[in-house]
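As structure tokens, the structure follows; a few thoughts come after it.
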Amino acid sequence: MSTHRHFLSNCEAAPAARPQSTSSYFSFANKWSTVVLLISGLVAIGAFIWWLNIPFIEDIFTSSAITLTMVLGFQLYMGNSGILNWSYIGYAGIGAFASAIFSMEPAVKTMQIPTMYPFLIKLHLPFSLALIAGALTAMAVAALVAWPLMRLSDSVGAITQFALLIVFNVVLSQWSQVTNGPRTFTLGGLRYTTLWVALGVASVVLAAVFYFKESPVGLKLRATRDDRHAARSSGINLVSTRYIGYITSAFIGGLAGGLFSHYILSITAASFYLHDLFVILSMLVIGGSMSVSGAFFGTLLVTLARQGLRQVELGLTRSGFEASGATEIVLAILMIVFLIWRPNGITGGEELTWNSIRRRLKSFTGRKKQSAKSQQQED
Amino acid sequence: MNKLWKTKTSVVNPESESPAPQDLILQVSDLVVSYGSIQVLHGVSLDIRRGELVSICGVNGAGKSTILKSIAGILKPRSGSVCFKNMDVTGKKPEQLHKLGISLVPEGRDIFPTLTVEENLRIGSFGRHEPKRYAEDLEDFFHLFPILKERYHQAGGLLSGGEQQMLAIARGLISHPDLLMMDEPSLGLSPNRVDQIFDLILELKSRGITILLVEQNASRALRIADRTYLFSNGRIEYAGKPDEMGSEVDITSVYLGAKEGGMAS
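Sequences listed follow chains A and B, in order. To convert, take the position in the first sequence, counting from 1, and add 160; that gives my numbering. To convert, take the position in the second sequence, counting from 1, and add 56; that gives my numbering.
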């Protein structure tokens, strides 16, 4: 009975010899080893870069930790529900503006954005609270608009999300009394998002997104992704399950937006539009949208690739070639290539766990031994 | 009600012509269902008593799967009614019907391929289950479906066809349904897997579970069913005991579509 073909099917003989441990403790520990591995990796890289103390590299790390937070929130909804959520970047924008409005000193606000509503000028919260308040604002907006959209699946679902993004973008870029309209919104304060803040938030969000995936709601959402009719006949309420995922994702998007605005210190609505969505989408697709590890490795890989390509681009421009935009083209082609040959990304939709590393190592050493053996035979 | 499959709740006498109303678990009357403008069911009525194994047979396109989907709430009937446990449930959503105790094992081993066996089973238990009994039930399941224990942490999509079917049935069962509906459980399986599936259905029946079975393998289904409905073109041709079906209707004509004046050539 091996009618079902899969890339792992050559492992099918294995389970009999190596009975899968059903011990709940070990499987639980192995499952959560993903979070431990990814966060310790992140912290190790962060600590090393902090120790290096080169501002240029520190900046790259901080901004990619913010991006990681953003990709994780994107993964939470898109990865678990299977619906491309275009409007996600809009929630990042809402979080960015809202948290900035909450955190700025009233005096600075009157100076920077004279058109702002007086009641908004009066608001003032410390950075940490402002960050959460901004994320809650994004979540509240999502909670207000999302309910009727959650019924829609597939391309219809994606198109409505796209329309929603257009709405968000127009509102953010025209509402002078809140976002300073099309003009740049300058925060004019301290850079609150330091390396450690970005790292800390990204780590907490990583654990939270993983927890969500494994929670009952996350499990239900993944079931609706696999087969929504079967999911409904198994007692899953499609609309409310998606709704919870969507607003949680908007919260994390808002959080990432808030980190971003307190890092870059001057934002416009254009900072939260298709270009940035494309970048986080390419990260998720290349990493593998179905797993948290995919979001992590996609962010890592694409950040490294983009930095490398940017250097190449700069070098070419300096030597006389006009190569601006080459990074985006390479990224787009990479995304297409992945969608054709590895639609589940480099992680294949799996999580990085102790067991998966052990297996990888074993098969690697096994292959080495085998090749050594075959060489001996040839001799 | 929760111990339904471990104890025989009621012994049904299929001989009795007019069952007491409390024995009736499902009553479908004059159900009309259409896909867009194409009418598939033309006023179908059937009923099932507690503990019965009822089979529905008929050719492709006779409306067998359609009636299951309508009872499960996936399709909305145009007219007619569905009564479950003396409650009118016509037009209710699938998730509500699942809560009430209707479980559908869909055609084509509709499991969740990217979820592990464990997660597939957990999905089935949501909504209608006390967490305390889950572990206990799992033990029972591993006895019924030993393969699931072996593959507990593997993705559902990696299982073989027969194993996926076992998983689909297990998922349907773990919610302790009052009515288990199975749509073509033996479709596309190797002969010895088909034997396993039918053994399993008999085992479930002996545990007192009410089962509505749609099966293309009519001879096998008829051998184990208490009663049967023969569908043809969205209507019921025959309803009653399986062994009397042969004398009541011309099965060949129903199956081969030769109504009057021989086969259309």
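Glycine is no exception: its CB is placed at the ideal position from the N, C-alpha and C atoms.
- For B:D239, DSSP records a beta bridge to B:V270.
- Listed in chain order, the non-local C-beta contacts of B:E151 below 6 Å within the same chain number zero, local neighbours out to five positions each way being set aside.
- With a cut-off of 8 Å on Cβ pairs, the region 251–264 of chain A is in contact with the region 427–441 of chain A, counting three or more such pairs.
- In this structure, A:G508 lies away from A:G458, with their beta-carbon atoms at least 8 Å apart.
- By the criterion of a C-beta distance shorter than 7 Å, B:K125 is surrounded in its chain by L131, once the five residues flanking it on both sides are discounted.
- 8 Å or more divides the Cβ of A:S315 from the Cβ of A:R388.
- Here A:F345 is buried, its C-beta having at least 16 other C-beta atoms within 10 Å.
- Around the beta-carbon of A:I214, fewer than 16 other beta-carbon atoms lie within 10 Å, marking it exposed.
- Bounds of the beta strand (DSSP E) holding B:L109 are L109 to G114.
- Between A:L228 and A:F456, the C-beta gap is smaller than 8 Å, which places the two residues in contact.
- For B:G99, the enclosing beta strand (DSSP E) stretches over residues I94 to R105.
- Around the beta carbon of B:A226, a 10 Å sphere encloses 16 or more other beta carbons of the protein chains shown; the residue is thus reported as buried.
- For B:I130, the neighbours in chain A by C-beta distance under 9 Å run, in chain order, H389, R392 and S393.
- A:Q471: member of the alpha helix (DSSP H) spanning V452 to R478, first to last residue.
- CA-CA distance, B:S135 to B:L80, rounds to 21 Å.
- Boundaries of the alpha helix (DSSP H) harbouring A:Y248: Y248 to S263, taken from the DSSP string.
- In chain order, F182 make up the part of chain B whose C-beta sits under 7 Å from the C-beta of A:P376.
- Among the residues facing chain A, B:L171 is included, as its CB has a counterpart in that chain under 8 Å away.
- In the DSSP assignment, B:Y285 forms a beta bridge with B:I112 and B:A295.
- The Cβ atoms of A:Y352 and A:F279 lie no closer than 8 Å to each other.
- Interface residue (Cβ-Cβ distance to chain A less than 8 Å): B:H199 is not classified as such.
- With respect to B:L160, B:A118 sits apart: the two C-beta atoms are not nearer than 8 Å.
- A distance below 8 Å separates the beta carbons of B:S111 and B:T284.
- If you draw a straight line from the Cα of A:Q471 to the Cα of A:F234, it is about 28 Å long.
- For the region 253–285 of chain A, there are no residues whose beta carbon sits under 7 Å from a beta carbon of chain B.
- Considering only A:T222, A:G413, A:F328 and A:R518, the residue with the shortest C-alpha distance to A:L359 is A:T222.
- Per DSSP, the unbroken beta strand (DSSP E) holding B:D86 starts and ends at L80 to Y91.
- Residue environment: B:D193 is assigned as buried (16 or more neighbouring CB atoms within 10 Å of its CB, all protein chains considered).
- The shortest C-alpha to C-alpha distance from B:S137 to any of B:L256, B:I94 and B:H98 is the one to B:H98.
- Residue contact with chain B for A:D386: present (Cβ-Cβ distance below 8 Å to some residue of chain B).
- When the Cα atoms are used, A:I412 and A:L296 turn out to be separated by approximately 9 Å.
- Rounded to whole angstroms, the separation of the alpha carbons of B:L235 and B:T146 is 16 Å.
- Where A:S333 is concerned, the enclosing alpha helix (DSSP H) starts and stops at D314 to Q334.
- Taking 4 residues as the shortest admissible run, the region 371–410 of chain A contains the following complete alpha helix (DSSP H) segments, listed from N- to C-terminal end: 376–386 and 388–393.
- Within the model, the alpha-carbon separation for B:G290 versus B:R279 is close to 23 Å.
- In the structure shown, B:A211 falls within a strand segment according to DSSP collapsed to helix, strand and coil.
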